[in-house]
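Q: The structure follows.
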Amino acid sequence: MAWGSVGYISPFAYKEVAPVSCPKSTVLWMAQEENRRVSYVRASRHIQQEISPCYMDVEMVIEMIGGTRLHLAAQEGDVLGLKSLLTPDTNINCRDFSGKTPLHSLVSSPRCSLEAVGFLLHHLAYVEARDKHEETPLCSAAMRGHKEVVDLLIQCGADISARNKYNETSLHRTALFGHKEVVGLLIQRGADVSARDKFNKTPLHVAASMGHKEVVYLLIQCGADVAARQENNRTPLHVAAMRGHKEVVDLLIQRGAHVAARDKHSRTPLYLAVQRGHKQVADLLVQRGAGR
Numbered sequence: 169m170a171w172g173s174v175g176y177i178s179p180f181a182y183k184e185v186a187p188v189s190c191p192k193s194t195v196l197w198m199a200q201e202e203n204r205r206v207s208y209v210r211a212s213r214h215i216q217q218e219i220s221p222c223y224m225d226v227e228m229v230i231e232m233i234g235g236t237r238l239h240l241a242a243q244e245g246d247v248l249g250l251k252s253l254l255t256p257d258t259n260i261n262c263r264d265f266s267g268k269t270p271l272h273s274l275v276s277s278p279r280c281s282l283e284a285v286g287f288l289l290h291h292l293a294y295v296e297a298r299d300k301h302e303e304t305p306l307c308s309a310a311m312r313g314h315k316e317v318v319d320l321l322i323q324c325g326a327d328i329s330a331r332n333k334y335n336e337t338s339l340h341r342t343a344l345f346g347h348k349e350v351v352g353l354l355i356q357r358g359a360d361v362s363a364r365d366k367f368n369k370t371p372l373h374v375a376a377s378m379g380h381k382e383v384v385y386l387l388i389q390c391g392a393d394v395a396a397r398q399e400n401n402r403t404p405l406h407v408a409a410m411r412g413h414k415e416v417v418d419l420l421i422q423r424g425a426h427v428a429a430r431d432k433h434s435r436t437p438l439y440l441a442v443q444r445g446h447k448q449v450a451d452l453l454v455q456r457g458a459g460r
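Just so you know, the sequence shown maps onto residues 169 to 460 in this note's numbering.
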């Protein structure tokens, strides 16, 4: 079976054509050169466009994107494919070039399902596996907003306080992407709202910098310190003002953030808002007493 006109082929099909060279400038070549993992289906579509009518051997694609058939089946959320690949000799915790296991690939995918995660865990997928960035499947699932999957991983023993290479917790990562329900679940399960990353940022700093008002509100409700200082001595109010997030700035002030707080370089939130051209934020800060 070869690449067809529909732009998709099962990653589990038997190869029937000889491999062809992958020309430079194609997506797969760039993925190999830049050491990045590319979605199997996306890659197949680009192959159609870039080297059609040539055909690409399935094994060659797998080799070039640095994964295995298990990784590809997991990425597609293909439970039947996973079942067909599982033999007594299968290493369910095999790694791709970025150190990810099939469980990492699955929980990072928009096609992730509880059924597929449960299948891998039932067959002893390692819930605490670390990739090259020291991220666990829990961290990957949290940052993608897969609430039910996060809950299942925690029930199966995932460490909620695990840190990646930047000393970020799963709470930091999900706060970055604004997944309020996952943030709430992690806190409910014992995540530390005051955890600090490599740069001394708390999850509140992260959420404030991205303008996630609902997440900011939830973190404060759960005990996050609005006066916490990160590495450059900036508060969450500094980073929200600097990014121009007016509603978050207003919320932080309502919750007791100090409008005249100074960072490492003696800069106030008002200074940073003006410097970045955020007039509405600057006006709000002045109304709330900044600059007096």
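Quick reminder that beta carbons are idealized off the backbone N, C-alpha and C, glycines included. Predicted model only: the values in this text are computed from it and were never measured.
Check whether the Cβ atoms of Ser308 and His272 lie closer than 8 Å to each other.
A: In contact: Ser308 and His272 (Cβ atoms closer than 8 Å).
Q: Return yes when the Cβ of Leu282 is within less than 8 Å of the Cβ of Ala260, no when it is not.
A: Contrary to the premise, residue 260 reads as Ile rather than Ala in this sequence. Not a contact, by the Cβ cut-off of 8 Å.
Q: Specify the secondary structure class of Cys307 as computed by DSSP and reduced to three states.
A: Of the three classes helix, strand and coil, the one that applies to Cys307 here is helix, per DSSP.
Q: Nearest to Asp299 by alpha carbon, out of Ser266, Ile388, Cys324, Val275?
A: Nearest C-alpha to Asp299: Ser266.
Q: State yes or no: is the C-beta of Ala375 within less than 8 Å of the C-beta of Ala343?
A: In contact: Ala375 and Ala343 (Cβ atoms closer than 8 Å).
Q: Could you check which residue in Lys414, Ala450, Gln422, Pro256 has the C-alpha nearest to that of Ile388?
A: It is Gln422.
Q: On a CA-only basis, which of Ala450, Cys262, Gln398 is nearest Leu292? Give me that one, please.
A: Among Ala450, Cys262, Gln398, the Cα nearest to that of Leu292 is on Cys262.
Q: The alpha helix (DSSP H) spanning Phe265 covers which residue range?
A: No alpha helix (DSSP H) contains Phe265, which DSSP labels as neither H nor E.
Q: With burial defined as no fewer than 16 other Cβ atoms inside 10 Å of the residue's Cβ, what is the status of Arg352: buried or exposed?
A: The identity of residue 352 in the sequence shown is Gly, whereas the question assumes Arg. Counting Cβ neighbours within 10 Å, Gly352 comes out buried, since at least 16 surround it.
Q: Given Val449, which residues of its chain have a CB within under 7 Å of its CB, disregarding the five upstream and five downstream residues?
A: Around Val449: Ala409, Gly412, Lys414, Val417, Ala441.
Q: Counting C-beta neighbours from all protein chains within 10 Å, is the total for Glu400 16 or more, i.e. buried, or is it exposed?
A: Before going on, a small fix: residue 400 reads as Asn here, not Glu. By the neighbour-count rule (16 or more Cβ atoms within 10 Å), Asn400 is not buried but exposed.
Q: What is the DSSP secondary structure of Phe345, counted as helix, strand or coil?
A: Helix.
Q: Would you check if the distance between the CB atom of Pro270 and the CB atom of His239 is smaller than 8 Å?
A: Yes, Cβ-Cβ distance for Pro270 and His239 is below 8 Å.
Q: For Val350, which residues in the same chain have their Cβ closer than 6 Å to its Cβ, ignoring the five residues on either side in sequence?
A: The residues are Ala310, Gly313, Lys315, Val318, Thr342.
Q: What's the gap between the Cα of Ser276 and the Cα of Lys369?
A: Approximately 24 Å, taken between the alpha carbons.
Q: How about Leu386 and Lys348: are their beta carbons less than 8 Å apart?
A: Against a cut-off of 8 Å, the Cβ pair of Lys348 and Leu386 comes out as a contact.
Q: For the alpha helix (DSSP H) containing Ile322, name the first residue and the last one.
A: Element bounds for Ile322: 315-323.
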